[in-house]
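Everything in the sequence shown is counted per my numbering, starting at -5 for the first residue and increasing by one.
Just so it is clear, CB atoms sit at the ideal spot from N, CA and C, and this is done for glycine as well.
Here the structure is a predicted model, which means the values were calculated and not measured.
The structure under discussion appears below in the form of structure tokens.
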Amino acid sequence: MINNVQNVSSLSLTRGIGSVATENSSTASSAAESARNDQSFAAILGNMATQAVDTMKGAESMSFAGIKGTATTREVVDSMLQAEQTLQTAIAIRDKVVSAFLEVTKMQM
């Protein structure tokens, strides 16, 4: 999930700067390559949501394995801490999206 968050941070308005003629042509070519490799914002959020659900399901199954005695306490705790971090990240992203939506709705047309 952290990798997807880093991918979201790479989506910026300066992505098109590589098309401006510069003295260093390798910078322009690397910017063009990164623009081709970037995913859409919706795809990144979708992947993050899928990974968050998978993390939660994994934590749930690990807790059941801990109850059955097939998993160690360390494995259960690690799984739960990862699920908690994923949930906190998802809540923070949700709050930012809702805040941005409210700002857009306040704009005058």
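Legend entry - Ser73 vs Ala46 beta-carbon contact at 8 Å: For the purposes of this step, residue 73 is taken as the residue at position 79 of the sequence shown. For the purposes of this step, residue 46 is taken as the residue at position 52 of the sequence shown. Going by C-beta atoms, Ser73 is not nearer than 8 Å to Ala46.
Inset, instruction - Go to Thr67, then tell me how far its alpha helix (DSSP H) extends in each direction, as first and last residue. - result: Here residue 67 corresponds to residue number 73 of the sequence shown, with the count starting at 1. Element bounds for Thr67: 67 to 100.
Inset, instruction - Could you tell me whether the Cβ atoms of Thr80 and Thr49 are closer together than 8 Å? - result: As a working mapping, residue 80 is identified with position 86 in the sequence shown. As a working mapping, residue 49 is identified with position 55 in the sequence shown. Yes. Within cutoff.
Legend entry - Exposure label - Ile38; buried when at least 16 CB within 10 Å: By 1-based counting over the sequence shown, the position of residue 38 is 44. Answer is buried; the Cβ neighbour count reaches 16.
Legend entry - Limits of the alpha helix (DSSP H) - the one that Met42 falls within: Position 48 of the sequence shown, counted from the first residue, corresponds to residue 42. Unbroken alpha helix (DSSP H) run through Met42: 35 to 62.
Legend entry - Ala94 burial status per 10 Å Cβ neighbour count (16 or more: buried): Counted from its first residue, the sequence shown places residue 94 at position 100. So Ala94 counts as exposed.
Inset, instruction - Go ahead and label Ala86 buried or exposed: buried means 16 or more other beta carbons lie within 10 angstroms of its beta carbon, across all protein chains shown. - result: For the purposes of this step, residue 86 is taken as the residue at position 92 of the sequence shown. Under this definition Ala86 is an exposed residue.
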